[in-house]
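Residue numbers (our numbering): 267 to 565. Don't be surprised by glycine CBs; every beta carbon is placed ideally from N, CA and C. Heads up, the thing below is written out as structure tokens.
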């Protein structure tokens with residue numbers, strides 16, 4: 267273990283800026299993914315109907331029936347989430363890596379990268395969970411879930427009707443997904459980039475960043491999609507404190523996973539895979555290219 271060094275603020279700030287940029291650029295894809303994942307729930311009458319045949323159909327139908335603005339429903343809590351989640355995740359990841367491996371000449375370790383990414387993902391997603399809950403509900407239900415129309419009012423309404431636990435609904439699968447996504451994405455990107463540079467196959471350029479982020483995005487989507495389906499469904503359901511008119515379908519993430527696979531087939535766990543990949547892939551490409559370019563600025 268290397269000697270503890272002073273905390274470097276750059277990964278936190280640059281990570282947050284790059285995360286917000288990537289989130290805004292890919293948010294409509296995320297909305298279609300959420301709509302695809304919450305539909306077809308046999309035990310929930312509100313979302314029993316399979317309304318969308320695929321990502322493109324969902325994109326067109328949402329635009330026609332609700333307007334283009336609906337594709338950005340939930341963007342405010344999403345940006346707030348990335349400002350907190352992205353900042354903490356990237357800052358924690360690179361800070362942990364720097365604490366464990368400070369020698370720049372030392373070989374990149376996939377195991378260390380995976381460990382640091384998983385820890386960073388769990389910590390950051392747990393803290394930012396309330397913003398994720400509101401984002402998912404706004405994407406699935408539209409602005410009707412916001413009550414008086416303000417984001418802060420929506421947070422207060424959830425807390426009043428469902429208790430503080432309502433703001434951390436789905437934190438288990440969210441942390442699990444974040445551990446998998448952050449662990450796989452960050453470790454695969456850094457490791458593949460290091461190997462290419464070590465073999466002198468390419469220069470440290472935008473093209474290299476594009477290729478490594480594309481591979482990392484695909485790997486992360488394959489690993490995380492079942493957890494993402496569970497997370498989305500857990501967050502979308504409501505459970506009032508007084509238990510009246512409650513619509514709790516799933517007791518916990520394991521119960522959701524089992525019921526989804528049993529009632530709708532294992533294939534349903536990869537529902538929304540294409541939009542998830544088409545979102546996670548471009549998201550990571552935008553993020554890593556932006557982050558790498560920000561790193562070169564003399565800040």
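**Report entry** residue 446 vs residue 490 beta-carbon contact at 8 Å
**Finding:** yes
Query raised in the report: Could you give the residue range of the alpha helix (DSSP H) that holds residue 564?
Result: Unbroken run through residue 564: none, as it is neither H nor E.
Requested in this report: Just the C-alpha distance for residue 362 and residue 383, rounded to the nearest angstrom, thanks.
Outcome: 9 Å
Query raised in the report: What is the rounded straight-line gap between the Cα of residue 556 and the Cα of residue 500?
Result: 32 Å
**Report entry** residue 463 versus residue 456 - alpha carbon distance
**Finding:** 11 Å
Query raised in the report: With DSSP run on the structure shown, which of helix, strand or coil describes residue 450?
Result: helix
Report task. In angstroms with no decimal places, state the Cα-to-Cα distance between residue 336 and residue 329. Result -> Taking the straight line from one Cα to the other gives about 7 Å.
Report task. Identify which residue in 527, 355, 394 has its Cα closest to the Cα of residue 346. Result -> 394
Report task. Kindly give me the distance between the Cβ atoms of residue 321 and residue 541, rounded to whole angstroms, as I take these residues to be in contact under 8 Å. Result -> 4 Å
Query raised in the report: To the nearest angstrom, how far is it from the Cα of residue 424 to the Cα of residue 295?
Result: 26 Å
Report task. Taking 8 Å as the cut-off, decide whether the C-beta atoms of residue 515 and residue 307 are in contact. Result -> In this structure, the beta-carbon distance from residue 515 to residue 307 falls below 8 Å.
Query - residue 457 - DSSP class collapsed to helix/strand/coil - result: helix
Query raised in the report: What does a CB cutoff of less than 6 Å around residue 277 pick up in its chain, not counting 5 residues either side in sequence?
Result: Scanning its chain for C-beta atoms nearer than 6 Å, with the 5 sequence neighbours on each side dropped, one finds around residue 277 the residues 356, 357, 360, in chain order.
Report task. Measure the Cβ-Cβ separation of residue 568 and residue 338 and say whether it is below 8 Å. Result -> Any answer about residue 568 is impossible in this case: the structure gives the chain only from 267 up to 565.
Query - Helix, strand or coil at residue 370 according to DSSP, with G and I counted as helix - result: Any reading at residue 370 is ruled out, since the residue's pLDDT is 48, under 50, leaving its predicted position unreliable.
Query raised in the report: So what's residue 302 in DSSP terms, helix, strand or just coil?
Result: helix
Query raised in the report: Does the pairing of the region 466 to 486 with the region 529 to 541 give three or more beta-carbon distances under 8 Å?
Result: no
Query - Neighbourhood of residue 318 by C-beta distance below 7 Å, restricted to the same chain and skipping five residues each side - result: 301, 302, 305, 324, 327
Report task. Could you tell me the distance, in whole angstroms, from the CA atom of residue 280 to the CA atom of residue 315? Result -> 42 Å
Query raised in the report: Among residues of its own chain, excluding the 5 on either side of residue 293, which ones have a beta-carbon nearer than 7 Å to its beta-carbon?
Result: 338, 341, 344
**Report entry** Cβ-Cβ separation, residue 558 to residue 475 (assumed contact under 8 Å), whole Å
**Finding:** 5 Å
Report task. Specify the secondary structure class of residue 466 as computed by DSSP and reduced to three states. Result -> coil
Query - Residues of its chain near residue 468, where Cβ-Cβ distance is below 7 Å and the 5 sequence neighbours each way are ignored - result: 462, 474
Query raised in the report: Where residue 274 and residue 440 are concerned, what is the direct C-alpha to C-alpha distance, given to the nearest angstrom?
Result: 27 Å
Query raised in the report: Below 8 Å between beta carbons: does that hold for residue 437 and residue 392?
Result: yes
Query raised in the report: Would you say residue 349 and residue 429 are within 8 Å of each other, going by their C-beta atoms?
Result: no
Query - Residues near residue 533 by beta carbon distance below 8 Å, same chain, minus five either side - result: none
Query raised in the report: Exposed or buried, what is residue 332 when buried is set at 16 or more other beta-carbons lying within 10 Å of its beta-carbon?
Result: exposed
Query - Selected residue, minimal CA-CA separation from residue 487, among 535, 465, 519 - result: 535
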